[in-house]
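Novice: Residues -29 to -1, 1 to 460, numbered by mature numbering (1 follows the signal peptide of the UniProt record, and there is no 0), are exactly what the sequence shown covers, in order.
Glycine included, each C-beta is placed from N, C-alpha and C at the ideal position.
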Amino acid sequence: MGIRRTRLMLASLIVIMGTLLGCPGAATAKRAPTVIIVGAGMSGISAAKTLSDAGIKRILILEATNRIGGRMYKANFSGVSVELGANWVSGVGGPQVNPIWIMANKLRLKSFLSNFQNISSNTYKPVGGVYEESVARKAFEVAEQVVEFGTEVSKDLAARKQPDISILTSQRLKNYFPKTPLEMVIDYYLCDFESAEPPRATSLLNSVPSSTYSNFGEDSYFVADPRGYESVVHYVAQQFLTTNAAGQITDPRLQLKKVVTEISRSPRGVAVKTEDGLVHRADYVIVSVSLGVLQNNLIKFHPSLPQWKILALDQFNMAIYTKIFLKFPYKFWPSGNGTEFFLYAHEKRGYYPFWQHLEREFPGENVLFVTVTDDESRRLEQQSDSETKAEIMAVLRNMFGKQIPEATDILVPRWLSNRFYKGSYSNWPIGVSHHQFNQIKAPVGKVYFTGEHTSAAYYGYVHGAYFAGIDTAKLMTSCIKRGACSYSI
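1. Classify H406 as helix, strand or coil using the three-state DSSP reduction.
2. For N186, name the three-state secondary structure that DSSP assigns.
3. In chain order, what are the residue ranges of uninterrupted alpha helix (DSSP H) at least 4 long that sit wholly in the stretch 340 to 399?
4. Using 8 Å as the threshold, is the stretch 315 to 325 in touch with the stretch 358 to 367, meaning 3 or more CB pairs across them?
5. Determine whether the beta carbon atoms of T293 and V338 lie at a separation below 8 Å.
6. The alpha helix (DSSP H) spanning T272 covers which residue range?
7. Among the residues of its own chain, which have a CB less than 7 Å from the CB of A439, if the five just before and after it don't count?
8. Using DSSP bridges, identify the partner residues of Y292.
9. Give the C-beta separation of A75 and V256 to the nearest angstrom, bearing in mind that I take them to be a contact with Cβ-Cβ under 8 Å.
10. Quick test of your reading: Y392 and G199, contact by CB under 8 Å. State the CB separation rounded to the nearest angstrom.
11. Give me, in chain order, the residues of the same chain whose beta-carbon lies closer than 8 Å to that of Y430; leave out the 5 immediate sequence neighbours on both sides.
12. Over the uninterrupted beta strand (DSSP E) stretch that includes Y255, give me the two end residues.
13. Go ahead and label G248 buried or exposed: buried means 16 or more other beta carbons lie within 10 angstroms of its beta carbon, across all protein chains shown.
14. Whole angstroms are fine: how far does the CA of F340 sit from the CA of T151?
15. Based on the DSSP secondary-structure assignment, which residues constitute the bridge partners of E54?
16. So, using beta-carbon positions, are E161 and S125 closer together than 8 Å?
17. Would you check if the distance between the CB atom of L382 and the CB atom of K229 is smaller than 8 Å?
18. Tell me Q327's beta-bridge partners as DSSP assigns them.
19. Give me, in chain order, the residues of the same chain whose beta-carbon lies closer than 8 Å to that of N58; leave out the 5 immediate sequence neighbours on both sides.
20. Ends of the alpha helix (DSSP H) at E154?
21. Whole-angstrom Cβ separation of N93 and F313, contact assumed at under 8 Å?
22. Do P300 and P376 have their C-beta atoms within less than 8 Å of each other?
23. With K244 as the anchor, note down where its beta strand (DSSP E) starts and where it stops.
24. Quick one: residues in its chain with C-beta nearer than 8 Å to the C-beta of S82, no 5 flanking neighbours on either side, listed in chain order?
25. The ligand SAH heavy atoms versus the CB of L161: any closer than 7 Å?
26. State the DSSP-derived secondary structure class of Q210, mapped to helix, strand or coil.
27. Going by the CB atoms, is the gap between L212 and L227 shorter than 8 Å?
28. Of the residues K271, D254 and R143, which one's Cα is nearest the Cα of T5?
29. Does the stretch 166 to 181 come close enough to the stretch 133 to 147 to have 3 or more Cβ pairs within less than 8 Å?
30. Looking at C-beta atoms only, is the number of pairs between the stretch 272 to 286 and the stretch 404 to 414 that lie closer than 8 Å three or more?
31. Measure the Cβ-Cβ separation of N318 and P97 and say whether it is below 8 Å.
32. For a test of the three-state rule: what should DSSP assign to R252, helix, strand or coil?
33. Taking C-alpha atoms, which residue in K417, Y437 and F333 lies nearest to C450?
34. Please state whether DSSP places T122 in a helix, a strand or coil.
35. If you measure between the beta carbons of Y458 and S17, is that distance less than 8 Å?
36. Over what stretch of residues does the alpha helix (DSSP H) that includes R2 continue unbroken?
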């Protein structure tokens, strides 16, 4: 018994000494993390991997939902896997290779090149079928000339360091005033379909020309894989988080269903409180939640964020982009080459304007989806799915005739209403300078910020979120390892 007691005392002494000296062992496993990452979307996961690669292993990722991926979010709709959020790998085939495209290829994600070249042949009148192709093509050519003019204006403003203007202002400079249903739907397709906001709201200087397409190429690939587009986030996560034999993440450094409600900061570190009442402490925190969550004050900061930070966050735009999926008993729309995308021109701009059938992606499933944005997205979130379905069926009957069948199922995402996102992605509005943008991503003490809304070149895109996470993690690493903690704003 004396020998056993001596061994127990020695074991206890070893644990105590390990705690005091910081040696590896059971005691050090309970040490507070160096960094807490709030959110496990693409930016949060890429930030965490970058920290891990730099040797900062004591991290804790707190994710509010029951999954990783953020706004890369698949759902089962009538037996097929559809993407509610991010859907395209935008920017392929250019002088640089989009890192998301590299990941998609490594994973062999099922994706399809989107060819919009024939859309002028598939533009529908308010009632009575398609416009004559020559009429629609002429209207497209005029609108595309206006876009080219806006690009040159933007380059000139940048070269002369002149103040920003909106896309709408550049259109007016060209004496372009879309007012007919055809002109309005083309204007919507060329602007809103990408930015999710109208020309009057969008910065010309910071959106034209698009860095995504200039740097990475003009092609876009539509992801339609049962594993989901979110697979690329899992791909990044699995490079530094432990997994089981099935590839599922088992690393205790990732905690799901942890809704962060408060973040407190002091010179000594941070305290992150979750909805379950627990408080997690660390030296630093990276906040990778959406801009919409920050704008709606769904996380309380103690002390409050400085006024300059709040103003910068609130001045940027969180856009809403809604894809509404419909299932039918049989196909009644044209199919085959050049028919995948079609437009509906209505007297009300943005009223169920952009359509896509999924015959290539899901043959025989008879699935359509229609994209709405901005005010229409807000309106639809306030009404029932049955009301939305009735409106959509009226539009489809205006396009294809009264004899078409009723949709058997509908799926209407509600990004604005979702407290974990409060919108779809950011858009650079007129009036926000690069100085103010730098304030959006600037750290406040030991609280750092990341997300697609902090990528000046690629805001709103998956690759923007990926690059933003890397950039924020590198900034934090410089502070932790070299004491270079200042940030110029």
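Specialist: On the basis of the supplied data:
1. H406 carries a helical assignment under DSSP once its states are collapsed to helix, strand and coil.
2. Residue state for N186 is assigned as helix, using DSSP reduced to three classes.
3. You should have 345 to 352 and 356 to 371.
4. Yes, the stretch 315 to 325 touches the stretch 358 to 367.
5. With respect to V338, T293 sits apart: the two C-beta atoms are not nearer than 8 Å.
6. First, the amino acid is wrong: residue 272 is Phe here, not Thr. Here F272 belongs to no alpha helix (DSSP H); instead the beta strand (DSSP E) covers K271 to H273.
7. For A439, the CB contacts under 7 Å within the same chain, skipping 5 residues up- and downstream, are S14, T421, G422, E423, T425 and S426 in chain order.
8. DSSP lists T344 as partners of Y292.
9. Going by Cβ atoms, the distance from A75 to V256 rounds to 31 Å, so no, they are not a contact pair.
10. About 16 Å separates the Cβ atoms of Y392 and G199, ruling out a contact at the 8 Å cut-off.
11. Counting only Cβ-Cβ distances below 8 Å, and skipping sequence neighbours, we find Y396, S397, N398, W399, E423 and H424.
12. Per DSSP, Y255 belongs to the beta strand (DSSP E) from Y255 to V258.
13. A residue is called buried when at least 16 other Cβ atoms come within 10 angstroms of its Cβ; G248 does not meet this threshold and is exposed.
14. If you take the alpha carbons of T151 and F340, they lie about 24 Å apart.
15. DSSP, once it has assigned bridges, lists K45 as partnering E54.
16. For the record, residue 161 in the displayed sequence is Leu; it is not Glu. No, the Cβ-Cβ distance between L161 and S125 is not below 8 Å.
17. No, the Cβ-Cβ distance between L382 and K229 is not below 8 Å.
18. Answer is F312 and F340.
19. F193, V194, Y200 and K294, listed in sequence order.
20. Run containing E154: P152 to D158, per the alpha helix (DSSP H) assignment.
21. In this structure N93 touches F313 by the C-beta definition: roughly 4 Å separates them, less than 8 Å.
22. P376 is positioned such that its CB atom lies closer than 8 Å to that of P300.
23. For K244, the enclosing beta strand (DSSP E) starts and ends at G240 to T245.
24. If we look at S82 and ignore the five residues flanking it on each side, its Cβ neighbours are V60, A75, Y192, F193, V194, A195 and D196.
25. Ligands are entirely absent from the displayed structure, and the ligand SAH is therefore not among its contents.
26. Looking at Q210 - three-state DSSP - the assignment turns out to be coil, as it is neither helix nor strand.
27. L212 is positioned such that its CB atom lies no closer than 8 Å to that of L227.
28. Minimum Cα distance to T5 is reached at D254.
29. Yes, the stretch 166 to 181 is in contact with the stretch 133 to 147.
30. Counting Cβ pairs under 8 Å, three or more are found: they touch.
31. One point to set straight first is that residue 318 is Glu, not Asn, in the sequence displayed. Taking 8 Å as the Cβ cut-off, E318 and P97 qualify as a contacting pair.
32. The answer is strand: DSSP assigns R252 an E or B state.
33. It is K417 whose Cα lies nearest to the Cα of C450.
34. Of the three classes helix, strand and coil, the one that applies to T122 here is helix, per DSSP.
35. No.
36. Annotation: R2 is outside any alpha helix (DSSP H) and is labelled neither H nor E by DSSP.
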